[in-house]
Amino acid sequence: RPFMTISHPLAFSDGMPPEAASAIRRRLADQPPTVIVVDGFTQETYLVHLPELQELLRTSYELVREVEGSRWPVQVYRLRSRFAAVTSR
Numbered sequence: 139r140p141f142m143t144i145s146h147p148l149a150f151s152d153g154m155p156p157e158a159a160s161a162i163r164r165r166l167a168d169q170p171p172t173v174i175v176v177d178g179f180t181q182e183t184y185l186v187h188l189p190e191l192q193e194l195l196r197t198s199y200e201l202v203r204e205v206e207g208s209r210w211p212v213q214v215y216r217l218r219s220r221f222a223a224v225t226s227r
């Protein structure tokens, strides 16, 4: 299922309302997704409006796949195992 049932990051291409940003930050802290896919749309939306997401990827996720060949590479991150017990509750 999409994170917070947001089907595509283009929903935030014109901006991210403060209440949406707060809700996303809370959910990332409380129930981080097991997998995060970073592509061009994610770069231009989530990472612009939630710059701390880059730090979360660095500290709590591992890059498991990267696909080159387009303007933006597609990167697949998996939540590190030490956080998995928190998300399974």
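In our numbering, each residue's number is its place in the sequence shown (first place is 1) plus 138.
The beta-carbon is built from N, C-alpha and C at its ideal position, and this holds for glycine as well.
Model, not experiment: these values are computed from the prediction.
Top-ranked residue by Cα proximity to residue i, from the options
i, options, result
"F150", "S208, L188, E200, R209", "L188"
"T143", "P155, R165, D152", "R165"
"Y199", "L185, P171, A159", "P171"
"V202", "S208, W210, R216", "R216"
"Q213", "S219, R139, G178", "G178"
Boundaries (first-last residue) of the beta strand (DSSP E) holding residue i
i, result
"E204", "199 to 205"
"E216", "For the record, residue 216 in the displayed sequence is Arg; it is not Glu. Here the beta strand (DSSP E) through R216 covers 212 to 217."
Beta-carbon separation (whole angstroms), residue i vs residue j, contact threshold 8 Å
i, j, result
"R195", "I174", "Contrary to the premise, residue 195 reads as Leu rather than Arg in this sequence. Right, the Cβ-Cβ distance comes to about 7 Å (below 8 Å), so this counts as a contact."
CA-to-CA distance, residue j to residue i, given in whole angstroms
i, j, result
"Q181", "D168", "22 Å"
"V205", "P155", "31 Å"
"D235", "S208", "Since the first and last residues shown for the chain are 139 and 227, residue 235 lies out of range."
"Q233", "P211", "Outside the shown range of the chain, which is 139 to 227, sits residue 233, and nothing can be said about it."
Inset, instruction - Just list the beta strand (DSSP E) runs in the stretch 157 to 196, keeping only unbroken ones of 3 residues or longer that don't cross its boundaries, in chain order. - result: Runs of the beta strand (DSSP E) inside the stretch 157 to 196: 173 to 176.
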